[in-house]
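Q: In the numbering used here, the protein residues as written are 54 to 297. No residue lacks a Cβ here, since even glycine has one placed at the ideal position from N, Cα and C.
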């Protein structure tokens, strides 16, 4: 399972099943947050009391382990709440700390982490802020999710979806269908090979970074006003990583 590592409150990335949790992208969160997220994902996909006990022993901040039985019951309820919602997993940061987003056919659940360098102090199911799914932020979320999902896309159907749902009229008028098809195919290959995804925003352009054998950056700009569709999309490939 690919785990998306996000660095900004607005940044959103989504992942596909298939690979184990991975380390953060280059500009991702600190290692103790990465470890905490990986532990929560492992807990969500586990079964039985032994997995919960292991989570308490290895991932929890000792100061948070007061009533062990009560904590075990709470963690079991968290695991039950996200059961069946591990097809896609995202990691967000709304400014108050990491939120692991579990998604599946039946919906999604958001789990907020209270984490320090000494481990997790608490897990809480939280309701997503509806405003984060509307306006500019909601539109950008949708574009980024669609770009990441290109890794499993079928062509040329994917081009039809992007032309209809994501590209602005200006972009459609100034690019050819062949150019867009080749670009989306190239992004699809980068997404399929990625083992982590990070998103950054410099005030005008979003950079969606696929980390894998080769780092690929997808550069995206959107309309300044509604419906905030894509006005520019580019793919830049970095250097291949040296094998360890």
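Can you tell me whether DSSP reads residue 80 as helix, strand or coil?
A: With a pLDDT of only 49 at residue 80, under the threshold of 50, the placement of this residue in the model should not be trusted; the figure read from the coordinates follows. In the structure shown, residue 80 sits in coil (DSSP, three-state: anything other than H, G, I, E or B).
Q: Please report how far the alpha carbon of residue 323 lies from the alpha carbon of residue 86, in whole angstroms.
A: Outside the shown range of the chain (54 to 297) lies residue 323, about which nothing can therefore be said.
Q: DSSP on residue 283, reduced to helix/strand/coil?
A: Correct three-state label for residue 283: strand.
Q: Closest to residue 260 by CA distance: which of 239, 288, 177 is it?
A: If we check each option's Cα against that of residue 260, 288 comes out closest.
Q: Just checking, does the stretch 117-131 make contact with the stretch 148-157 on the three C-beta pairs under 8 Å criterion?
A: Counting Cβ pairs under 8 Å, fewer than three are found: no touch.
Q: In whole angstroms, what is the alpha-carbon distance linking residue 162 and residue 134?
A: Taking the straight line joining both Cα atoms gives about 7 Å.
Q: Thinking C-alpha only, which one of 284, 205, 201, 118 is nearest residue 174?
A: Comparing Cα-Cα distances from residue 174 to each of 284, 205, 201, 118, the minimum goes to 118.
Q: What are the start and end residues of each continuous beta strand (DSSP E) run of 3 or more residues lying completely inside the stretch 126-157, in chain order?
A: Counting whole runs of 3 or more residues, the stretch 126-157 contains the beta strand (DSSP E) stretches 141-146, 151-157.
Q: What do you reckon, is the C-beta of residue 244 under 7 Å from a heavy atom of the ligand NAP?
A: Ligands in the displayed structure: none, and consequently the ligand NAP is not present.
Q: Taking C-alpha atoms, which residue in 84, 137, 142, 171 lies nearest to residue 109?
A: Nearest of 84, 137, 142, 171 to residue 109, Cα basis: 171.
Q: Look up residue 70 in the DSSP assignment and say whether it is helix, strand or coil.
A: Unreliable positioning characterises residue 70 in this predicted model, as indicated by a pLDDT of 31, which lies under 50. A coordinate reading is not provided.
Q: Check whether the stretch 88-101 and the stretch 134-148 are in contact - that is, three or more C-beta pairs closer than 8 Å.
A: With a cut-off of 8 Å, the stretch 134-148 and the stretch 88-101 count as touching, because enough Cβ pairs lie within range.
Q: In terms of residues, what are the limits of the alpha helix (DSSP H) holding residue 232?
A: Run containing residue 232: 230-246, per the alpha helix (DSSP H) assignment.
Q: Following the continuous beta strand (DSSP E) through residue 250, name the residue where it begins and the one where it ends.
A: Unbroken beta strand (DSSP E) run through residue 250: 249-254.
Q: For residue 264, name the three-state secondary structure that DSSP assigns.
A: Three-state result, residue 264: strand.
Q: For the beta strand (DSSP E) containing residue 98, list its first residue and its last residue.
A: Where residue 98 is concerned, there is no enclosing beta strand (DSSP E), given that its DSSP letter is neither H nor E.
Q: Please classify residue 280: is it buried, with 16 or more other beta-carbons within 10 angstroms of its beta-carbon, or exposed?
A: By the neighbour-count rule (16 or more Cβ atoms within 10 Å), residue 280 is not buried but exposed.
Q: For a test of the three-state rule: what should DSSP assign to residue 206, helix, strand or coil?
A: In this structure, residue 206 counts as coil in the three-state DSSP scheme.
Q: Measure the C-alpha to C-alpha separation of residue 114 and residue 167 and round it to an integer number of angstroms.
A: Their backbone Cα atoms lie some 10 Å apart in a straight line.
Q: Does residue 10 come out as helix, strand or coil in the three-state DSSP assignment?
A: The requested residue 10 does not occur in the structure, where the chain is confined to residues 54 to 297.
Q: In the structure shown, what three-state DSSP assignment does residue 270 receive?
A: In the structure shown, residue 270 sits in a strand (DSSP, three-state: E or B).
Q: Nearest-angstrom Cα distance between residue 78 and residue 225?
A: Reliability of the predicted coordinates at residue 78 is poor, the pLDDT of 39 falling under 50, and no value is obtained from them.
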